[in-house]
Amino acid sequence: MERSSVYIRMRQKVRVVLHQGVRLEEIAQLAGPAKTVKALQKAVIHVVKPEDKHLIVIDIMTVVKRIQDILPGCEVQTIGPAQSILEIMYEPKKLNTLFFILVWLLLFIGAAVAIMNFHEDVSMQVVHQKIYQLITGEFRQQPLMLQIPYSIGLGLGMVLFFNHVFKKRLNEEPSPLEVEMFKYQQDLDQYVIIHENKESEQKQKQKVSDD
Amino acid sequence: MINVLLLIFVGFAGGIAVGSGFVAFLTVLGIVPRVMQLSKTYRFIRSYEWSVILGAVLGGWVNLRSTTFQLSPYLTIVIGLFSGVFIGMLAAALTEVLNVLPILAKRIGFRDKLLVILMAIVLGKVAGSLFHWIIYVKL
Chain A
1 MERSSVYIRM RQKVRVVLHQ GVRLEEIAQL AGPAKTVKAL QKAVIHVVKP EDKHLIVIDI
61 MTVVKRIQDI LPGCEVQTIG PAQSILEIMY EPKKLNTLFF ILVWLLLFIG AAVAIMNFHE
121 DVSMQVVHQK IYQLITGEFR QQPLMLQIPY SIGLGLGMVL FFNHVFKKRL NEEPSPLEVE
181 MFKYQQDLDQ YVIIHENKES EQKQKQKVSD D
Chain B
1 MINVLLLIFV GFAGGIAVGS GFVAFLTVLG IVPRVMQLSK TYRFIRSYEW SVILGAVLGG
61 WVNLRSTTFQ LSPYLTIVIG LFSGVFIGML AAALTEVLNV LPILAKRIGF RDKLLVILMA
121 IVLGKVAGSL FHWIIYVKL
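Those protein sequences? They're chains A and B, same order as listed. UniProt numbering puts the first residue of the first sequence at 1, with every later residue one more than the last. UniProt numbering puts the first residue of the second sequence at 1, with every later residue one more than the last.
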């Protein structure tokens with residue numbers, strides 16, 4: 001048997017469906033002699049089972065062992081992440097409209113009350129009366145000419161900050177919210193990589209001892 | 001004489017504490033970088049710094065003295081709108097720092113509806129603010 005070698009790079013995140021046999025080419029990029037790559041790319045690494053729940057972490061060592069099974073003595077060079085996260089896509093649950101409206105109202109009323117509390121907390125009314133007096137020289141109990149534009153500006157500022165004017169984007173850079181979502185997702189992935197991986201190691205150990 | 005010197009020292013010390021706290025607060029929330037990113041005017045960063053400093057000093061001064069200018073009340077529309085945008089950005093930045101929305105979107109699974117969720121908060125703020133000024137303060 002001739003010596004063969006292959007370069008392998010695990011993909012960060014892969015979406016799979018239930019009962020799918022996950023092939024090597026789906027979770028990793030392969031590079032090397034065409035014959036070697038061809039022999040490996042269709043190899044099934046994992047079959048998605050219902051007990052996998054939502055996430056599976058495929059460690060690179062699992063992949064290396066599998067490659068060694070298929071091509072004994074094959075030299076594997078690994079590059080990049082040491083594992084790949086498989087996200088199992090289930091049939092999307094139908095969004096409960098009532099639930100959504102409830103959450104929407106919760107946020108709407110919450111935001112409204114929060115801003116009122118903020119205004120009271122910083123004595124905004126007095127500040128506005130003072131600003132009005134500063135500009136015009138006359139005192140007014142309700143300087144609405146200042147306060148109504150202020151309220152509209154409040155919404156405008158939030159929209160500007162999040163870079164969304166309803167559906168239309170102001171420019172192509174990601175908004176802070178999108179960056180924040182991305183960072184949160186990355187933290188979750190990092191947790192899953194360590195946590196789920198350890199678990200699957202234990203599961204495998206159990207399987208071995210059962211055998 | 002010693003009283004006056006002490007007073008000057010106390011006032012100055014208080015000013016330094018509040019001023020540096022104010023700048024630290026703005027820096028943590030990252031509103032100035034956000035405005036620069038939106039308007040693509042990074043090169044004016046120094047003058048934006050001065051704008052914040054001068055605004056704070058001017059605001060502090062006219063607030064402590066009872067100065068009045070005999071100007072048109074329509075000018076307050078502009079001031080109201082600008083201060084509103086600023087406070088709105090402050091509120092948005094605060095929401096973001098607290099990481100509320102990403103967790104909410106992920107947990108409840110409204111990822112594609114994030115914009116609608118965001119609009120709930122924005123419209124809630126506007127409605128709450130209008131309600132406060134027009135109705136609540138009269139109660």
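All C-beta atoms, glycine included, are put in the ideal place defined by N, C-alpha and C.
Checklist line | Those residues which DSSP pairs with A/Val-44 across a bridge | finding: Translated into the one-based positions of the first sequence, residue 44 of chain A becomes position 44. In DSSP, A/Val-44 forms a bridge with A/Arg-23.
Notebook entry, point to check: Candidates A/Lys-42, A/Leu-86 and A/Leu-102: which alpha carbon is nearest A/Val-14's?
Noted result: Sequence index remark: in the first sequence, residue 14 of chain A carries index 14 (1-based). Among A/Lys-42, A/Leu-86 and A/Leu-102, the Cα nearest to that of A/Val-14 belongs to A/Leu-86.
Notebook entry, point to check: Using the beta-carbon of each residue, which ones in chain B are nearer than 9 Å to A/Leu-160?
Noted result: Reading the first sequence from its first residue, position 160 is the one you call residue 160 of chain A. Ordered by position in chain B, the residues that pass the 9 Å Cβ test against A/Leu-160 are Arg-34, Val-35, Leu-38, Val-85, Gly-88, Met-89 and Ala-92.
Next item on the list: Identify the contact partners of A/His-54 in chain B, using a Cβ-Cβ distance below 9 Å as the criterion.
Entry: Sequence index remark: in the first sequence, residue 54 of chain A carries index 54 (1-based). What A/His-54 touches in chain B: nothing, since even the nearest Cβ is about 12 Å away.
Margin query: Looking at B/Pro-102: is its Cβ nearer than 8 Å to the Cβ of A/Tyr-184?
Written below: Against the second sequence, residue 102 of chain B aligns to sequence position 102. Against the first sequence, residue 184 of chain A aligns to sequence position 184. Cβ atoms of B/Pro-102 and A/Tyr-184: closer than 8 Å.
Checklist line | Amino acids of chain B, ordered along the chain, whose beta-carbon sits closer than 9 Å to that of residue 213 of chain A | finding: Lying before the first or after the last residue shown, residue 213 of chain A is absent from chain A, which here runs from 1 to 211.
Next item on the list: Give the DSSP-derived three-state secondary structure of A/Ala-82 in the structure shown.
Entry: Here residue 82 of chain A corresponds to residue number 82 of the first sequence, with the count starting at 1. In the structure shown, A/Ala-82 sits in coil (DSSP, three-state: anything other than H, G, I, E or B).
Note to self: Using a Cβ distance threshold of 8 Å, determine whether the stretch 113-131 of chain A contacts the stretch 119-137 of chain B, with at least three qualifying pairs required.
What the structure shows: yes
Note to self: Can you tell me whether A/Arg-15 is helix, strand or coil according to DSSP?
What the structure shows: Position 15 of the first sequence holds residue 15 of chain A. Residue state, collapsed to three classes: strand.
Check: DSSP three-state call for B/Arg-65: helix, strand or coil?
Finding: One-based indexing of the second sequence puts residue 65 of chain B at position 65. Reduced to three states, the DSSP call for B/Arg-65 is coil.
Checklist line | Chain-order list of residues whose beta-carbon lies under 8 Å from that of A/Ala-43 (same chain, five-residue window excluded) | finding: Taking the first residue of the first sequence as 1, we reach residue 43 of chain A at position 43. Contacts found: Arg-23, Leu-24, Arg-66, Ile-67 and Ile-70.
Check: Any C-beta of chain B sitting closer than 8 Å to the C-beta of A/His-119?
Finding: Sequence index remark: in the first sequence, residue 119 of chain A carries index 119 (1-based). Yes, its Cβ sits closer than 8 Å to a Cβ of chain B.
Check: Beta-carbon of B/Ala-120 versus every beta-carbon of chain A: anything under 8 Å?
Finding: Here residue 120 of chain B is taken as the residue at index 120 of the second sequence, counted from 1. True, the Cβ-Cβ gap to chain A drops below 8 Å.
Next item on the list: Starting from A/Val-122, trace the alpha helix (DSSP H) both ways and give me its first and last residue.
Entry: For this step, residue 122 of chain A is matched to residue 122 along the first sequence. Unbroken run through A/Val-122: none, as it is neither H nor E.
Notebook entry, point to check: If A/Glu-196 sits next to A/Leu-55, beta carbons under 8 Å apart, how far is it from one beta carbon to the other, in whole angstroms?
Noted result: One-based indexing of the first sequence puts residue 196 of chain A at position 196. One-based indexing of the first sequence puts residue 55 of chain A at position 55. The Cβ separation is near 6 Å, so the contact holds.
Next item on the list: Give the DSSP-derived three-state secondary structure of A/Ser-5 in the structure shown.
Entry: For this step, residue 5 of chain A is matched to residue 5 along the first sequence. The answer is strand: DSSP assigns A/Ser-5 an E or B state.
Item checked: Collapsed DSSP secondary structure at A/Gln-29 in the structure displayed -> Within the first sequence, residue 29 of chain A is the residue found at index 29, counting from 1. Three-state DSSP puts A/Gln-29 in a strand.
Margin query: Within the continuous beta strand (DSSP E) that includes A/Ile-56, where are the two ends?
Written below: Locating residue 56 of chain A in the first sequence gives position 56, counting from the first residue. Residues 55-59.
Next item on the list: Taking only beta-carbon positions, decide if A/Met-10 is within less than 8 Å of chain B.
Entry: In the first sequence, residue 10 of chain A corresponds to position 10, counting from 1. Output row for A/Met-10: interface = no.
Checklist line | Segment contact flag, the stretch 74-86 of chain B with the stretch 124-144 of chain A, C-beta cutoff 8 Å, min 3 pairs | finding: At 8 Å Cβ cutoff, the stretches touch.
Next item on the list: Could you list the residues in the stretch 180-199 of chain A with a C-beta less than 7 Å from some C-beta on chain B, going in chain order?
Entry: Correct list: Glu-180, Met-181 and Tyr-184.
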